[in-house]
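For the sequence shown, our numbering assigns the number -15 to the initial residue and increments by one for each residue that follows.
Take a look at the structure below.
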Amino acid sequence: IAMDVRGRNLVTGLPKTISVTSEETEEALKEATSTIVEAVHSVLEKTPPELAADIAERGIVLTGGGCLLYGMEQLIEEKTGISTVRSDDPLTAVAIGTGKYVEEVMKYRSK
């Protein structure tokens, strides 16, 4: 699969269109995806056993823009051996969760 991308040639300063393949995109993102996968693995290694057991049973839910990268769930699942899925609305899930947490804190403080 290839896609035309338009931009400005940094050498000439002129507009330019190039074709970028999915293989080139995958190669360009390899370091970033590897960093994310390694970070997840590192956190799991440091997780207390009782919490790690819950995660292993319930799985991992990915949020944020990084999880929109093609194949991210599979990469994490392969590295950790834990079922991994993407949240229904990954771009707003953290903000919604934070809002719910703040509401709970405010309820607790008002008691």
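C-beta atoms are modelled at their ideal positions from N, C-alpha and C, and glycine is treated no differently.
Remember, it's a predicted structure, so these values are computed and weren't measured experimentally.
Under the DSSP assignment, P(-1) falls in the beta strand (DSSP E) whose first and last residues are -1 to 5. As far as DSSP is concerned, M56 takes part in no beta bridge.
Taking the Cα positions, T19 is about 39 Å away from R93. Residue range 33 to 42 is occupied by the alpha helix (DSSP H) that includes D38.
Out of G65, M90, L(-6), the CA that lies nearest to the CA of R42 is found in G65.
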